[in-house]
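The structure under discussion appears below in the form of C-alpha cells.
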Amino acid sequence: MKAEDKILISSSTKNLKSVRDFIEQKATQYGLEQSIVNQVVMSVDEACTNIIKYTHKYDDSESIEILLKKENKILKITITYRGNEFDPNTIEVPDMKTYLKQHKVGGLGIPLIKMFMNKIELKHYQPDLNELTLIKYT
Amino acid sequence: MKINLEKKGDVSVAHITGKLDTNTALFYENEIFPLIDVQPEKNAAVQVSTALKLVLELQGMDYVSSAGLRVLIITAKKIKSKNGSLILSGMQKQIKNIFDISGLSTIFQIVPSLEEALSKI
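Chains P and U, in that order, are what the protein sequence lines are. All residue numbers for the first sequence refer to the working numbering, where the first residue is -12 and numbers rise by one. All residue numbers for the second sequence refer to the working numbering, where the first residue is 1267 and numbers rise by one.
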C-alpha cells in the first residue's frame, strides 16, 4: 500500500488542532492501530509546537507544511519550514524519576517525540529551509 | 477544555474534560494552582491542618500534549511541597499509554475510577 497526503498551515498554535485532526484522520485511513495513531498525532503536535514557539516565535506569517507518506509498514511525516537549523537528535531522552529529582518541569516535547517515533531525521538546506522527518515503523 | 471543581468531604475534585495542550495549559494553571497555593490565614485563632487532597478526574480528557504534562507535573510538585496528596483518576486508555511510555506513570498515583481515588486519598 502506498499513500501520500499533505497539509499546509500558517505558523500558529491555533492551527494545532487542525494538524492533529488531519494526522489522526489520515493515519487511521492508512490502517494504523489506535495506540500508534495517538503517538504519531502527539509527536507531530510537539514538533509543530516547537517550530511555532521557538523557530518562528509565534510569527504566523511563517508557514509549516506536513507531508505524510505511508509505504508498506513505514510511515514518514516530513515537516518543512523555514528557520534556524535545530536537530532534535541532539536532545537526550531523560529518565523521568531523575528528571523530576532535578526539579525540571519543561522540555518534554522532543523527548516524547523520540519515545514515540522510531527515527528522526533533519535536513537543512541553505539558507534557511528545514525538512524534519519523523519515521514510525507500523 | 472545561474544568469543574467540587468538594467531596475534605477532598477537592477537578473534573477535566477536553484537551490539555499548549492552548489550554494556562487555563488549567489559573483554575488549579490557586487551590494549591492558597495561604492559611495568619491571624486564625486555631491553625487547622490544610494539607490539600486533590483528585484530577480525567475521564473526559481526550488529549494531553507536553504542555499539558508540564502543568500536571507542576501540580504534583506543588502538592508534594505542601505534603498534600494527588491522585489522577479515570484516565482514558490512550492517555494512560502516553504516561506509561514516557515513564510518568511511575511518578503519579493513577487509579481507574473516582470512587477508588476517593477511597485511597
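Every residue, glycine too, gets a C-beta built ideally from N, C-alpha and C. Predicted model only: the values in this text are computed from it and were never measured.
Any beta carbon from chain P within less than 7 Å of residue i's own beta carbon?
i	result
residue 1349(U)	no
residue 1382(U)	no
residue 1296(U)	no
residue 1339(U)	yes
residue 1302(U)	no
residue 1360(U)	yes
residue 1320(U)	no
residue 1353(U)	no
residue 1324(U)	no
residue 1283(U)	no
residue 1288(U)	yes
residue 1292(U)	no
residue 1363(U)	yes
residue 1313(U)	Caution applies to residue 1313(U), whose pLDDT of 47 falls short of 50 and renders its modelled position unreliable; the model cannot decide the point.
Tell me the DSSP secondary structure of residue i in three-state form.
i	result
residue 82(P)	coil
residue 1318(U)	coil
residue 45(P)	coil
residue -9(P)	strand
residue 1325(U)	strand
residue 1272(U)	strand
residue 17(P)	coil
residue 1277(U)	strand
residue 1353(U)	strand
residue 72(P)	coil
residue 5(P)	helix
residue 125(P)	coil
residue -3(P)	strand
residue 1313(U)	With a pLDDT of 47 at residue 1313(U), under the threshold of 50, the predicted position of this residue should be treated as unreliable, and no value is reported.
residue 27(P)	helix
residue 12(P)	helix
residue 1361(U)	helix
residue 1337(U)	helix
residue 1387(U)	coil
Can you check DSSP and say which residues form a bridge with residue i?
i	result
residue 108(P)	120(P)
residue 58(P)	-11(P) and 61(P)
residue 1330(U)	1286(U)
residue 67(P)	52(P) and 118(P)
residue 1377(U)	1355(U)
Comparing C-alpha positions only, which one of the options sits nearest to residue i?
i	options	result
residue 119(P)	2(P), 8(P), 30(P) and 5(P)	30(P)
residue 67(P)	-9(P), -5(P) and -12(P)	-5(P)
residue 125(P)	-3(P), 46(P), 32(P) and 57(P)	57(P)
residue 42(P)	5(P), -1(P) and 78(P)	-1(P)
residue 1361(U)	1371(U), 1353(U) and 1352(U)	1371(U)
residue 93(P)	1269(U), 1288(U) and 1321(U)	1288(U)
residue 15(P)	27(P), 4(P) and 5(P)	27(P)
residue 48(P)	63(P), 37(P) and 69(P)	69(P)
residue 20(P)	34(P), 38(P), 35(P) and 62(P)	62(P)
residue 1339(U)	1270(U), 1304(U), 1286(U) and 1278(U)	1286(U)
residue 75(P)	-3(P), 110(P) and 12(P)	110(P)
residue 1277(U)	1337(U), 1302(U), 1368(U) and 1328(U)	1302(U)
residue 1373(U)	60(P), 84(P), 34(P) and 1(P)	84(P)
residue 1295(U)	1279(U), 1269(U) and 1375(U)	1269(U)
Looking at chain U, is there any beta carbon in it that lies within less than 7 Å of the beta carbon of residue i?
i	result
residue 92(P)	yes
residue -1(P)	no
residue 22(P)	yes
residue 19(P)	no
residue 85(P)	no
residue 105(P)	no
residue 25(P)	yes
(message) Please identify, using Cβ separations under 7 Å, the residues of the region 1366 to 1377 of chain U that lie next to chain P, in order along the chain.
(response) 1367, 1368, 1369, 1370, 1372 and 1373
(request) Name, going along the chain, the residues of the region 27 to 48 of chain P whose beta-carbon falls closer than 7 Å to a beta-carbon of chain U. (result) 29, 32, 33 and 36
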